[in-house]
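Some notes on the structure that comes next.
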Amino acid sequence: MGRKGIPDFSQAERALRDALARVGVSGATGYRNLSDTRGRLRRLLDGTFFLIGTLSAMWLIVLLITQSVTLGFTQIWFIIPIYVLLAYLVLPRVHTALSRIYLPDYFIGRARTREGMLGDPVNLGFLGTEMQLHTAMTRAGWTAADPIDSKSTRRIISSTLRRKSYPEAPVSNLYVFGRVHDFAYQREVAGNPSQRHHVRFWKTPDGWLLPGGHRVDWVAGATYDRTVGFSLFTLQVTHKIEQDTDIERDYIVQTLEHVQEDQVTRDITVNVIENFSTGYHSRNGGGDSIITDGALPIVDLRGIALTFDLAPAAASVTPSISATSHDTDAQPTTLIRAVRPIGTAVGAILLLLRSGAWLSVGFILLADLIGGLFPHLVADNDTGRVMFDGRDVTETFAMWAVIALAVFFLAVTIIPIWLTVSVFKGHTWSRLVAMAISTLTIAITIVRFSGDASLTLQSGLVAFSLDIGVLLALSGEDAQRYARDRGAERAAARPPRVSRR
Numbered sequence: 001m002g003r004k005g006i007p008d009f010s011q012a013e014r015a016l017r018d019a020l021a022r023v024g025v026s027g028a029t030g031y032r033n034l035s036d037t038r039g040r041l042r043r044l045l046d047g048t049f050f051l052i053g054t055l056s057a058m059w060l061i062v063l064l065i066t067q068s069v070t071l072g073f074t075q076i077w078f079i080i081p082i083y084v085l086l087a088y089l090v091l092p093r094v095h096t097a098l099s100r101i102y103l104p105d106y107f108i109g110r111a112r113t114r115e116g117m118l119g120d121p122v123n124l125g126f127l128g129t130e131m132q133l134h135t136a137m138t139r140a141g142w143t144a145a146d147p148i149d150s151k152s153t154r155r156i157i158s159s160t161l162r163r164k165s166y167p168e169a170p171v172s173n174l175y176v177f178g179r180v181h182d183f184a185y186q187r188e189v190a191g192n193p194s195q196r197h198h199v200r201f202w203k204t205p206d207g208w209l210l211p212g213g214h215r216v217d218w219v220a221g222a223t224y225d226r227t228v229g230f231s232l233f234t235l236q237v238t239h240k241i242e243q244d245t246d247i248e249r250d251y252i253v254q255t256l257e258h259v260q261e262d263q264v265t266r267d268i269t270v271n272v273i274e275n276f277s278t279g280y281h282s283r284n285g286g287g288d289s290i291i292t293d294g295a296l297p298i299v300d301l302r303g304i305a306l307t308f309d310l311a312p313a314a315a316s317v318t319p320s321i322s323a324t325s326h327d328t329d330a331q332p333t334t335l336i337r338a339v340r341p342i343g344t345a346v347g348a349i350l351l352l353l354r355s356g357a358w359l360s361v362g363f364i365l366l367a368d369l370i371g372g373l374f375p376h377l378v379a380d381n382d383t384g385r386v387m388f389d390g391r392d393v394t395e396t397f398a399m400w401a402v403i404a405l406a407v408f409f410l411a412v413t414i415i416p417i418w419l420t421v422s423v424f425k426g427h428t429w430s431r432l433v434a435m436a437i438s439t440l441t442i443a444i445t446i447v448r449f450s451g452d453a454s455l456t457l458q459s460g461l462v463a464f465s466l467d468i469g470v471l472l473a474l475s476g477e478d479a480q481r482y483a484r485d486r487g488a489e490r491a492a493a494r495p496p497r498v499s500r501r
């Protein structure tokens, strides 16, 4: 026994604790449908800003292409922002809009990408609690994947540049039941981050049954990353998966069963639902070919006994929806806190940069006014009148005008910083205000340069691009979901109101 009666952990148990600590911040929080008037208004505004951002980005791409052709090889670097806009902003949003039209939103045995396209097949089912699932995976030598956030993104870039292994590298987000996977596990191949086994897990809703009436607590999708390449549909850099997904599905089951060979009693059993779906050839959201025979193994983990203390790992998890099996009498357990998506972080950074551009212009104007007024104030002037911004006014009026402008620019300095911090923390109203301001400035810029004037790097193209970036980042579904989830967490943390009689 360790200090304070806590048992010493074996290597496998410590690995499980580390896995749970990572998973504790990697899943999706409970999703709340906004059915009230304010919720409908938010959805309407989000949809409007989503459309405006997409159209503005398309217009910016055309503008950049036109300028690169006009200016020749001196602006060949425009290829980089054109590619980023097209691959990571415009094409994904086009697929999002189209997939909402032609794809059903119910379970069909396939995960969905963030854009709504069909992703990898759901090819595994599990029975058991979350702790039993983590125990089985870590015992079999799997590593919990980190969530996609700013920290893991920095580590990916660092490990790539330094050519070092990153065993906990995050997997791309896929969606089942309208939410991202709760957690994922992976295995690198020979320390090569471009090749890895990986599997994503989703907790099934209470009372939910597979087609055919079978009950499972978890569904999962297992595929093998064979290399890194470009997505056929969005042109993004992504992993390319092995075509035969059944091989990876069976590999997951084999690794779980293999650890039982030295045990007296086996605590994992596997039953296979043959013809769960018809065998098919298709493509996933990255354009990779996939083949499956349609079988669905159901792995029963309910025989796994948890004989050691997991409290330290569980302590990092915040309250949310239940992650246990379908027990109608079970109380909600602790689960997962909303993780700040990259879109929210990028939107806040771009908003701060755009605010800096506004402030620089304001300070230049204020300094120009004060510089033109100061010589008149220090000169011997018996009339009591000075020239202020080309107008003959009293000294008192000029002084108060300068003070008012200084107070105004001070407010303009504080408000953008406050708005940026609020957006970063996931406040819905501040996100909507920031997008409204960006939409207004985009409209003014388009109207201004719709005539004979041209929009160039010297005449406001950078500021215009920042406004579009803010709109695109904050109108994305990840940013919307994060703001909703953070709002729900704040509401749950407030003390109940005490009615007064």
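full-length UniProt numbering puts the sequence shown at residues 1 to 501.
Every residue gets a Cβ at the ideal spot worked out from N, C-alpha and C, and that includes glycine.
Predicted model, so just to flag it, every value in this text is computed and none were measured.
Do residue i and residue j have their CB atoms nearer than 8 angstroms?
i	j	result
residue 55	residue 78	no
residue 211	residue 249	no
residue 273	residue 300	no
residue 85	residue 61	yes
residue 410	residue 433	no
residue 490	residue 428	no
residue 256	residue 136	yes
residue 292	residue 123	yes
residue 503	residue 237	Examination of residue 503 is not possible in this model, given that the chain is present from 1 through 501 alone.
residue 294	residue 113	no
residue 174	residue 109	no
residue 240	residue 259	no
residue 49	residue 439	yes
residue 131	residue 306	yes
For residue i, which beta-bridge partners are listed by DSSP?
i	result
residue 291	244, 281
residue 225	196, 241
residue 125	219, 298
residue 273	296
residue 230	237
residue 202	219
residue 143	186
If you draw a straight line from the alpha carbon of residue i to that of residue j, how long is it in whole angstroms?
i	j	result
residue 404	residue 430	26 angstroms
residue 414	residue 170	36 angstroms
residue 287	residue 494	46 angstroms
residue 22	residue 184	Note that residue 22 has pLDDT 48, beneath the 50 cutoff, so the model's placement of it is unreliable and the number below is only indicative. Roughly 10 angstroms separates the two Cα atoms.
residue 96	residue 43	15 angstroms
residue 103	residue 117	8 angstroms
residue 502	residue 406	The chain is shown from 1 up to 501; residue 502 falls before or after that span and cannot be answered.
residue 215	residue 235	38 angstroms
residue 330	residue 178	Confidence at residue 330 is low in this model, with a pLDDT of 36, below 50, so the placement of that residue is unreliable and no value is reported for it.
residue 251	residue 160	27 angstroms
residue 105	residue 41	22 angstroms
residue 76	residue 89	21 angstroms
residue 354	residue 121	42 angstroms
residue 468	residue 158	28 angstroms
residue 129	residue 180	19 angstroms
residue 481	residue 115	14 angstroms
residue 168	residue 98	34 angstroms
residue 225	residue 193	9 angstroms
residue 207	residue 133	19 angstroms
residue 190	residue 164	12 angstroms
residue 230	residue 473	22 angstroms
residue 487	residue 209	31 angstroms
residue 492	residue 352	30 angstroms
residue 138	residue 303	16 angstroms
residue 101	residue 478	20 angstroms
residue 356	residue 400	26 angstroms
residue 91	residue 470	17 angstroms
residue 186	residue 408	54 angstroms
residue 213	residue 441	54 angstroms
residue 153	residue 162	14 angstroms
residue 280	residue 46	37 angstroms
Under a CB-based cut-off of 8 angstroms, is residue i close to chain B?
i	result
residue 256	No chain B appears in this structure, which consists of one protein chain only.
Using a threshold of 7 angstroms, is the CB atom of residue i nearer than that to any non-hydrogen atom of the ligand COA?
i	result
residue 248	This structure simply doesn't include the ligand COA, nor any ligand for that matter.
Evaluate the contact criterion for the region 462 to 473 versus the region 435 to 448: three or more CB pairs, one atom per stretch, below 8 angstroms. Touching, per the Cβ criterion.
Would the region 131 to 151 and the region 340 to 351 be scored as touching if the rule is three or more Cβ pairs under 8 angstroms? At 8 angstroms Cβ cutoff, the stretches touch.
Pairs of beta-carbons, one from the region 343 to 354 and one from the region 416 to 434, closer than 8 angstroms: are there three or more? Contact between the region 343 to 354 and the region 416 to 434 is present, because at least three Cβ pairs lie under 8 angstroms.
So, does the region 187 to 205 touch the region 220 to 228, judging by three or more C-beta pairs under 8 angstroms? Verdict: yes, contact present.
Which runs of the beta strand (DSSP E) at least 3 residues long sit entirely within the region 155 to 194? Give them in chain order. Complete beta strand (DSSP E) runs here, min 3: 183 to 189.
Which complete beta strand (DSSP E) runs does the region 74 to 126 hold, if anything under 3 residues is left out? 110 to 112, 118 to 121, all fully within the region 74 to 126.
Going residue by residue through the region 466 to 497, where are the continuous beta strand (DSSP E) segments of at least 3 residues, counting only ones entirely within it? Whole beta strand (DSSP E) segments, 3+ residues: zero.
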